Amino acid sequence: MQEQIRQLALADPQQRLAALKSVVCTSLPSLQSAATAPLRINLHAHTIYSYNGYGYSPAQLAWLARSSDWYALATVDFDVLDGVDETLAACEMCGLRGAAGLETRVSVPDRADTVFNSPGEPGVMYLVGMGFVRGVPQPKASAVMQQLASSAQARNREMISRLNAYLAPVTVDYERDVRPLTPSGNATERHLLLAYDAAARRLYPLRSDLLAYWSARLGLPLDEVARIIGDEPFPHDAVRARLMKQGGPGYMAPDPTTFPAIDTVIEAIAACGALPCYPFVDGTSAGEADMPALLEDLVARGIRAMVVIPDRNWNVADTARSQELVAKLAAALQAAAGLGLPVFIGTEMNKPGQLLVDDLSVAALAPHAEQFRQGADMLWGHTALARAADLGYQSEWAQENWPSLAARARFYTELGAVLAPSRRQIAAIATLMRHNDPATCLRALGSATA
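Numbered per the numbering used here, the sequence shown spans residues 1 to 450.
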């Protein structure tokens with residue numbers, strides 16, 4: 001079976017899924033879910049279709065989640081839907097509550113002077129769409145989705161042009177050296193870092209020469225560079241900060257035309273039947289200082305959920321700082337609940353060493369574990385019903401039955417809580433929904449009334 005597990009990392013997604021089917025047939029009957037297992041949820045795992053710090057494909061992530069007894073998994077990739085179909089197929093094979101999404105950046109023209117969740121970049125906002133059920137966007141969203149991907153790649157090419165000029169004689173070619181590092185060519189800054197690291201090693205095979213080169217280019221002492229630069233190419237955060245972030249030679253300050261407008265992207269996400277989400281950072285920026293006001297404004301624009309990366313909201317060395325972040329997280333979660341917004345949590349896995357899944361038993365997160373579980377239930381309920389019957393959260397059917405966002409989220413939460421990740425049960429529920437009112441269906445499932 002180890003050979004089949006290794007094949008989950010093959011280049012071809014169909015081969016990965018075929019290998020996963022073999023692994024599941026061999027191993028799934030022997031896997032037992034512990035009744036007292038800790039709550040493990042990751043609804044924000046990046047994959048190889050953008051960048052995963054462990055090199056995980058969607059099939060690998062699904063098997064990791066199933067074999068480690070996770071409650072739910074969702075994948076998220078920057079600017080593309082390339083991993084959606086594999087994620088959902090793999091989660092279905094594994095009998096796992098699965099979902100998929102996309103992360104991108106947008107401009108906020110009417111708040112051009114405000115920093116939100118993109119540090120140091122006023123008027124720019126990270127945005128997430130969750131609950132996509134197809135890797136191909138709806139026709140009326142296609143142009144926007146294509147723009148997200150093409151704009152990101154255009155920025156990469158411009159960054160390479162700047163970095164090649166600065167880092168010469170170490171240079172890279174985008175098509176030859178960078179795009180092959182990710183399955184569909186959707187490269188990120190971390191892929192650029194890998195390419196430059198590899199190019200420098202080719203030009204300076206002696207470690208002393210390699211360290212001297214990076215010391216000069218990064219403006220860092222040799223001993224510090226020696227700690228950063230290991231034996232293999234690696235997307236070092238310290239190198240990224242020096243080269244690609246504010247003040248670095250590759251940094252490009254965004255202007256109002258750099259990213260598509262927030263309302264345009266929200267509309268495109270909703271047109272695909274997915275939920276536009278605001279990714280909360282930590283409540284310390286000007287834009288996040290008043291989360292109830294920010295979320296109210298975003299809800300009016302079409303935001304329907306909040307995303308949280310829990311680890312960065314408590315796990316810092318400074319005790320006073322940690323306490324401040326925990327308090328701000330609690331306030332943001334309360335604001336989301338007050339507006340009927342589900343909360344989707346996860347660890348990004350977009351750099352080596354990050355957690356695979358959060359420990360929700362720690363004191364900072366335990367009080368919110370049920371809210372996090374409900375978010376996973378809601379996303380699963382939406383995804384299952386949208387895939388089976390086009391009756392997801394954004395459907396006309398859902399909007400007619402529950403004009404109230406809170407009531408609508410509650411229905412999908414209750415559905416997701418009782419709906420097993422079984423193709424047979426999902427098909428039966430979809431049929432039930434088509435011919436009965438939702439409250440009757442929930443009662444039939446043994447749930448509370450909507």
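Cβ coordinates follow ideal geometry from the N, Cα and C atoms, glycine included.
Computed from a predicted model, the values in this text were never measured in an experiment.
Candidates Trp214, Val133, Ser151 and Asn156, of which the one nearest Glu189 by Cα: Here residue 189 is taken as the residue at index 189 of the sequence shown, counted from 1. Cα-wise, what sits closest to Glu189 is Asn156.
Exposure of Asn186, with buried meaning 16 or more beta-carbon neighbours within 10 Å: Position 186 of the sequence shown, counted from the first residue, corresponds to residue 186. With 16 or more other Cβ atoms within 10 Å, it is buried.
Cβ shell of Pro169 (< 8 Å), same chain only, five flanking positions each side left out: As a working mapping, residue 169 is identified with position 169 in the sequence shown. Within the same chain, Pro169 has close Cβ partners Leu203.
Same chain only: Cβ atoms within 6 Å of Val108, ignoring 5 sequence neighbours per side: Here residue 108 refers to the residue found at position 108 when the sequence shown is read from its first residue. Here the set comprises Gly123, Met125 and Ile262.
As assigned by DSSP and simplified to three states, the class of Cys25: For the purposes of this step, residue 25 is identified with residue 25 of the sequence shown, where counting begins at 1. In this structure, Cys25 counts as helix in the three-state DSSP scheme.
CA nearest to the CA of Leu339, picked from Cys272, Leu298 and Leu61: For the purposes of this step, residue 339 is taken as residue 339 along the sequence shown, with counting starting at 1. The candidate whose alpha carbon is nearest that of Leu339 is Leu298.
N- and C-terminal bounds of the beta strand (DSSP E) containing Cys277: For this step, residue 277 is matched to residue 277 along the sequence shown. Where Cys277 is concerned, the enclosing beta strand (DSSP E) stretches over Leu275 to Phe280.
Cβ neighbours of Arg179 in the same chain (closer than 6 Å, five flanking residues each side left out): The residue you call residue 179 lines up with position 179 of the sequence shown. Around Arg179: Gly185 and Ala187.
Paired residues, beta bridge with Val124 - DSSP: Sequence index remark: in the sequence shown, residue 124 carries index 124 (1-based). Answer by DSSP bridge pairing, in chain order: Ser107.
Nearest neighbour of Leu81, chosen from Ala99, Thr431 and Cys94 [CA to CA]: Taking the sequence shown and counting its residues from 1, one reaches residue 81 at position 81. The residue among Ala99, Thr431 and Cys94 with its C-alpha nearest the C-alpha of Leu81 is Ala99.
Inter-stretch contact (C-beta, 8 Å, three-pair minimum) for the region 361-368 and the region 317-335: At 8 Å Cβ cutoff, the stretches touch.
Residues that Tyr344 bridges to, as DSSP identifies them: In the sequence shown, the residue the question calls residue 344 occupies position 344. Sequence inspection shows Phe at residue 344; the Tyr mentioned does not correspond to that position. Partner(s): Val307.
Element boundaries [alpha helix (DSSP H), containing Thr383]: Here residue 383 corresponds to residue number 383 of the sequence shown, with the count starting at 1. Boundaries of the alpha helix (DSSP H) harbouring Thr383: Ala369 to Ala389, taken from the DSSP string.
Three-state class that DSSP yields for Phe411 in the structure shown: Numbered from its first residue, the sequence shown carries residue 411 at position 411. Three-state result, Phe411: helix.
Unbroken stretches of the alpha helix (DSSP H), 4 residues or longer, contained in the region 177-226: The region 177-226 contains, as complete alpha helix (DSSP H) runs of 4+ residues, the segments 189-203 and 207-218 (chain order).
Secondary structure, beta strand (DSSP E): runs of 3+ residues fully inside the region 63-118: Within the region 63-118, the beta strand (DSSP E) runs of at least 3 residues that lie entirely inside it are, in chain order, 72-78 and 98-107.
Contact set for Glu296: own chain, Cβ-Cβ below 6 Å, skip 5 residues either direction: Your numbering for residue 296 matches position 296 in the sequence shown. Short of 6 Å from the beta carbon of Glu296, and not among the five residues preceding or following it, lies no beta carbon of its own chain.
CB-CB length for Phe280 against Ala332, believed under 8 Å: Along the sequence shown, read from residue 1 onward, the residue named residue 280 stands at position 280. Along the sequence shown, read from residue 1 onward, the residue named residue 332 stands at position 332. 5 Å between Cβ atoms; contact.
Buried or exposed (CB count within 10 angstroms, at least 16 for buried), Cys94: The residue you call residue 94 lines up with position 94 of the sequence shown. That one is buried.
Ile41: first and last residue of the uninterrupted beta strand (DSSP E) it sits in: Your numbering for residue 41 matches position 41 in the sequence shown. DSSP places Ile41 inside the beta strand (DSSP E), whose first and last residues are Ile41 to Ala45.
Which of helix, strand or coil DSSP assigns to Ala300: Taking the sequence shown and counting its residues from 1, the one referred to as residue 300 is at position 300. The answer is helix: DSSP assigns Ala300 an H, G or I state.
Touching by the beta-carbon criterion (3+ pairs, under 8 Å), the region 62-72 and the region 234-252: No, they do not touch.
Met349 in three-state terms, based on DSSP: Position 349 of the sequence shown holds residue 349. Coil at Met349, not helix or strand.
CB contact flag (Glu86, Pro29, <9 Å): Counted from its first residue, the sequence shown places residue 86 at position 86. Counted from its first residue, the sequence shown places residue 29 at position 29. The answer is no: Cβ separation not under 9 Å.
Coarse secondary structure for Met159, derived from DSSP in three states: The residue given as residue 159 occupies position 159 in the sequence shown. Residue state for Met159 is assigned as helix, using DSSP reduced to three classes.
When Glu3, Val76 and Phe259 are compared against Thr26, the one with the closest alpha-carbon: The residue given as residue 26 occupies position 26 in the sequence shown. Out of Glu3, Val76 and Phe259, Glu3 has the C-alpha closest to the C-alpha of Thr26.
9 Å Cβ cutoff met for Glu348 and Ala45: By one-based count along the sequence shown, residue 348 stands at place 348. By one-based count along the sequence shown, residue 45 stands at place 45. Ala45 is positioned such that its CB atom lies closer than 9 Å to that of Glu348.
Status (buried if at least 16 other CB within 10 Å, exposed otherwise) for Thr104: Within the sequence shown, numbered from 1, the residue matching residue 104 stands at position 104. Counting Cβ neighbours within 10 Å, Thr104 comes out buried, since at least 16 surround it.
Other residues of its chain near Pro276: CB distance less than 7 Å, five sequence neighbours each side excluded: Start at 1 with the first residue of the sequence shown, and residue 276 comes out as number 276. Here the set comprises Leu127, Gly129, Ile266, Ile269, Ala270, Gly302, Ile303 and Arg304.
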